[in-house]
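Engineer: So for the sequence shown, this note's numbering puts the first residue at 129; every next one is plus one.
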Amino acid sequence: MIKHLSIRVSWHDNKWNGAICKHPSQNAYCLNLPRIYADKNDKEEDKIADKHWSTLQQNQLPPCKAEGASFMSALKYNRTFQHPYYKPNGKDVPHNALKPTTISVPPFSSFAVPFWWMLRGNQNTIKEQYPDIPRDQNPPFPSSWVYTYQTQEALLKRFFEPIKENYSLVMYYAKGANPVDEDSRRLIVGIGIVKTKSKILKYETNADYTYPLWDRLIEHGIRPNETSSEGILLPYYEYLELPEDYVLKTKEGKKNKQDLLNEIKLTLQETASRQEVIDEFTYGSEHVNDSSALVVLGKLRSIVERIKSHGIVKDLWEHHIQWIDRQIGKVKESMGPFPSFGNALLALGFQYGHLLEEDLRNSKQLAVKDNPWDAWEDAINGIINLQNKPYASDLPHFRDIWLNESTERKNLLILLSRFELSDKQIKNWFDSKTRNKLGYKTTDAEILENPYRIAELDEGDLENYPIAVETIDNGLFEDKAIQGENVPNKPQLVDSPLDQRRIRAIITQVLKRAAENGDTLVSVNELTETINTLNLQRATVLPVNYIITNIEFIKEQLNFINRGEIQALQLEKYNEIESYFRKVLIARAKRALEGIDENWEALIKRVIANNGITFNGNNPKHIAALADQVTALQRLTDRKISVLHGPAGTGKTTVLGALFGCKTLTTEGILLLAPTGKARVKLGKMAGGEAFTIAQFLNKQNRFDWNRMKPRFTGKEKYKGEQNVIVDECSMLTEDDLYALMQALDLGHIKRLILVGDPYQLPPIGAGRPFADFCTFLDNLEEEDEDFEAYEALARLKEVVRNVDGENSDTLTLASWYSGLKPSKDADSIFQKLGSNELLNDLQVTNWEDEQSLITKLNGLLIENLDLKGEKDYVTLNKVLGVEGYNVNTDKIEAFQLLSPVKAPYWGSYNLNRTFQQQFRNGLKGTVSIGEYQLGLYDKVIQTVNEWKDGFPGGEPYQLSNGQLGLVKDTRKGFANVVFAGVDNKVTFGYKSQGQADNDSSNLELAYAITVHKSQGSDFDFVFLVIPKTGRIISRELIYTALTRAKKKLILLVEGDTPHWIINLSKPQYSETAKRNTHIFSYSVREEKHSIPYAEGLIHKTKKEGLLVRSKSEVIIANMLVEKEIDFEYEREFIGKNGQKRIPDFTFIDAAGDIIILEHLGMMSLPSYRADWEKKLQFYNDNGYKLTDNLFTTTESEKGGIDSIAIEEVINKISKLI
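(1) Kindly identify the DSSP beta-bridge partner or partners of Met-299.
(2) Is Lys-1120 near Glu-654, with beta carbons less than 8 Å apart?
(3) Determine the closest residue to Ala-823 out of Leu-626, Pro-839, Val-1237 and Thr-795, with distance taken between C-alpha atoms.
(4) From Leu-444 to Ile-452, what does the alpha carbon distance come to, in whole angstroms?
(5) Following the continuous alpha helix (DSSP H) through Gln-278, name the residue where it begins and the one where it ends.
(6) How many angstroms separate the CA atom of Ile-1191 from the CA atom of Lys-1142?
(7) Could you give the C-beta distance for Gln-665 and Asp-586, rounded to a whole number, given that I count them as a contact under 8 Å?
(8) Any idea which residues DSSP pairs Tyr-847 with across the strands?
(9) Looking at the structure shown, is Trp-976 part of a helix, part of a strand, or coil, going by DSSP?
(10) Taking the C-alpha atoms as reference points, what is the distance between Leu-861 and His-773?
(11) Using 10 angstroms around the beta-carbon of Leu-1226, count the other beta-carbons present and answer buried if the total reaches 16, otherwise exposed.
(12) Secondary structure at Pro-268, three-state DSSP: helix, strand or coil?
(13) List the DSSP bridge partners of Ile-1284.
(14) Check each candidate in Gln-980, Ile-694 and Phe-899 and name the one with the smallest Cα separation from Phe-709.
(15) Is it true that the CB of Val-274 sits closer than 8 Å to the CB of Met-246?
(16) Would you check if the distance between the CB atom of Ala-802 and the CB atom of Ala-819 is smaller than 8 Å?
(17) What would DSSP say about Lys-377, mapped onto helix, strand or coil?
(18) Select from Arg-136, Asp-373 and Ile-319 the residue whose C-alpha is nearest the C-alpha of Pro-162.
(19) Beta-carbon separation of Asp-1185 and Asn-1006 under 8 Å?
(20) State the Cα-Cα distance for the pair Tyr-411 and Gly-249, rounded to the nearest angstrom.
(21) To the nearest angstrom, report how far apart Asp-506 and Met-129 are at their CA atoms.
(22) Should the region 760-772 be called in touch with the region 864-883, which here means at least 3 C-beta pairs below 8 Å?
(23) Can Ala-1137 and Leu-1026 be called in contact, C-beta distance under 8 Å?
(24) Between Ala-495, Arg-351, Tyr-367 and Pro-190, which lies nearest to Leu-361 when the distance is taken from Cα to Cα?
(25) With DSSP collapsed to three states, give me the class of Gln-185.
(26) For Tyr-1086, which residues does DSSP report across the bridge?
(27) On the DSSP letters alone, give me the boundaries of the alpha helix (DSSP H) that Tyr-702 sits inside.
(28) Identify every residue that forms a DSSP beta bridge with Asn-1105.
(29) Give me the DSSP bridge partner(s) of Val-622.
(30) Using only CA atoms, which one of Lys-382, Thr-842 and Asp-174 lies nearest to Lys-565?
(31) Can you give me the Cβ contacts of Ile-512 inside the same chain, cut-off strictly under 6 Å, excluding the 5 residues immediately before and after it?
(32) Would you mind working out which of Glu-172, Phe-1150 and Ser-1212 sits nearest Asn-187, comparing C-alpha positions?
(33) Where in the region 1123-1190 do unbroken runs of the alpha helix (DSSP H), each at least 4 residues long, occur, reported from the N-terminal end onward?
(34) To test your reading of the DSSP string, which unbroken alpha helix (DSSP H) runs of 4 or more residues are found completely within the region 632-664?
(35) Is the beta carbon of Val-1213 closer than 8 Å to that of Leu-649?
(36) Taking Arg-489 as part of the alpha helix (DSSP H), name the residues at either end of that continuous run.
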């Protein structure tokens, strides 16, 4: 059977033209490929930038020569191969006779390497399909790869045999993040016909034997701007080179650069698309089957149409469209109407399903377009003679089984075989017991009536992606080019992309993807907009009001919300969850408990003393903080559910310490829970007891689905152990997490559920923001509200107690700007101090312009702050990381951490890790390849998934958590053996090298640098934070989370001439949390994709167009100014006489052109706030500003109440001046 071919290429900034990158050191998007990560030399490549490989010596060729980076080269060049096992001074192995072998690479060619096929661990799977492959021998050294010449050659022959010259397609793809899409898993960059494939290439040798090269030359037909072209290179580079402010006017409206890039990117992870296609674009090169090729070609055609309509790039686009149409027709000729016939027989229980189908086709009993179920009935009834087949004796038994099935059941299995599904997926849907166990509540009859129910309900698992709408489409739309005469019958037949069954399924899958990205509901307008831009094989453009017109049918499975001007749809699951939260959280927050007779003040002072801190009874700040914390403890213990929150440095740890010391609580029992392994360890240490991750707790209650890696909402029994439950780091909890936890607890038994966290940190990865929503709801309650009693469940700490030598922490002062709260009155002085490190205490700031200056400055700062003697001071570095002789003190692994917003660009964690290794770990021996990385002795690493893993010695299983940090204790026999923080340092966990395989499933990464998301729940003595000017995912919460990770010192590396621009990121419109759509306590939903929802308390929207402010009080003031038609600016920078800068709340210009300032004073009851205002007032006085003259103030009560009449009087005074 003919196959198509995928070939992985590294990202290249020069159109894969066979030249060195234009800016090699700034292209870090190639570093996720192991061979490039290990061998790329930025300095050497920068010297020969833009030079064609044909002009270079072999030792000058970049490592991307092995990753297809020259597949569009119009010139030939030479590449010399040396067998990786060739070690003349090493073991005496046959490969030492192999000579360096030079291959001439023709123009428009690249090498294909089928890594998956060459892995020893996959040979049993391969032999099931190809039993004639010779058995391999064990290599004389540790290796993941097949060893013998015979096995290698047979595998290579089998792999490349189905690739037909001038017929098969070759599809070039980039793996991982790239400049087009930072979240991409796969990006198709070009597709062409396979013009030629070389014979199996072999090494030159000094012996009478040789070995094959795994690399095989493939010449493609892509020739841009030539009528002879038989392929397409997508014009990503031309679009990336557009100015950042580029706008194209189209009939759909104005589109910016990113909008246009989104329209032309060919990814394999579109909502409602067949995700299984991704598996054919992995491990270097793989086979691509016809159905997957058809998916890609269909998407490509739509994209080329868009490129043509944009008119930005000149090429023969109409010629390309005609070529695509010919390829689609050719692919369809090879396809049949029942692609999963063999898998359907396996699901029925007939284990020879594929062999039977192959025999029927080879014997001409079954043609491509025939109905195989007719042949099946002939086979089981003996009409077709299969007596000599190994399954012949089983056929009579299956005749009886088949006859015993009802017509409805047979039709269901036949229907399922029309879809491209695995045997497991078919069994999940054919076997009613399995279907019900999985929670797919539908019947055989309902599926036959509406097959799209499969796409609506299927959730996938670790083996299979969720079944996509596109998969169902391909089986139900009439297409005689594929189906011949075996087109579907009604009601299964779909004759329009607007079939309401199909559209509802698409809406459902859009809502599921939205939930993964944080939204629990989506507006009808945004749903329409999203569906209209999906790149599906069958373009789907919804007419105006389509969803509302068909709302009754849609409402049968989805929740419709019709409130105000914005209508929205929601998965029924989240309607149930949010309704539950609305009812239960409020009810428990209002329900008072009998107070605990405890001397909280004494407990707090004891905790403070135990932490080595002296309480000063004469310090107004200490007195206020103590009162704040006592009130918090009373509230936390007086309600059935309560919330402890506050910005970093306000003493949450102290309050928790006092709770753990309370005799009443310890007698009743305290269950300690946290969302991550890091937070679990931290909480357990704080309490001096055992804590569990929520997944661990749910697993013990049989309420965690490890197959789908998600919590279950049901189980046999509810938990009736301890009567008090404390959950830390609650900002990381999704709605699913919190709901599953509350369902698992016997809430009639649990006295107190205490939720602890910082709602200003990054929102959870997944649906909703339940902790932030609950905090905001409680915080916004007014005395006249019917639920005002619930306000007593809120313990919000306000007084920042963490300091540096008696002074306010500069790090926390800077962080306060990003907290979502209005900062203290003198907090704006921090932006003046950023320009001078001499003025800062626990904060250090530097600037960088490019990759070289970033790395140079970072290295210097690491040496300075870690007290290293230089870049090769391995001994001191090891001590910093906890290496003590042959042991590792795992408590010190978190001594320092480099943080970046993302992985891929040159300022991302990939490049920072690589340069750290090169500079501070240069010359590591005994490295092993794990994922993209080369790991050596004492390298810092991070676990990237939750999993159970055996620890050694002893083999006892431990649950390792996503984000858990460790150190490589030794490398031997192809394993990296790791010790982890939070686990006994005598226990190691082995990670096996996968060589240079394209292994997406590696669970370990290098971790000198990690992303900010990975750091959540951890803190480190020293944090080195890189902040770039570009990066679409940078948000207020990301900056706040990063700034609050440092315990001793934060070192900021900010792109640009000055760090002051980062204040812009503190504005409300940069809030990721506030942009989410949720519906627990208030109706918060975006009207359109790029708009910001109005969530009361999270986003403070004013009547002035586009103006968002930081507090409720400022909304009132701004709106009164708008109503009185007074022109003003919000947070306009004010520069004093000596150049010092401040940021007033409101600024006005009087008739003479002079500045008038209005400051709102929000928390004057706090000594620290009052002291800060006095400092700022002195600054204003020094610069000629006097109260009631050109400087005005408004105030609010201790509880946040505001006097509108008093504010109006102030505004009237200002009005007279301007």
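In this text, a Cβ means the ideal position worked out from N, Cα and C, and glycines have one as well.
Structural biologist: Result, derived from the coordinates:
(1) Ser-134 and Ile-319
(2) no
(3) Pro-839
(4) 12 Å
(5) 277-288
(6) 24 Å
(7) So it is not a contact: roughly 19 Å between Cβ atoms.
(8) Leu-873
(9) strand
(10) 14 Å
(11) buried
(12) coil
(13) Phe-1276
(14) Phe-899
(15) yes
(16) yes
(17) strand
(18) Arg-136
(19) no
(20) 14 Å
(21) 24 Å
(22) yes
(23) yes
(24) Arg-351
(25) coil
(26) Lys-1077
(27) 700-718
(28) Asp-1098 and Gly-1118
(29) Phe-605
(30) Thr-842
(31) Gln-493 and Asp-506
(32) Glu-172
(33) 1140-1143 and 1164-1171
(34) 652-661
(35) yes
(36) 481-490
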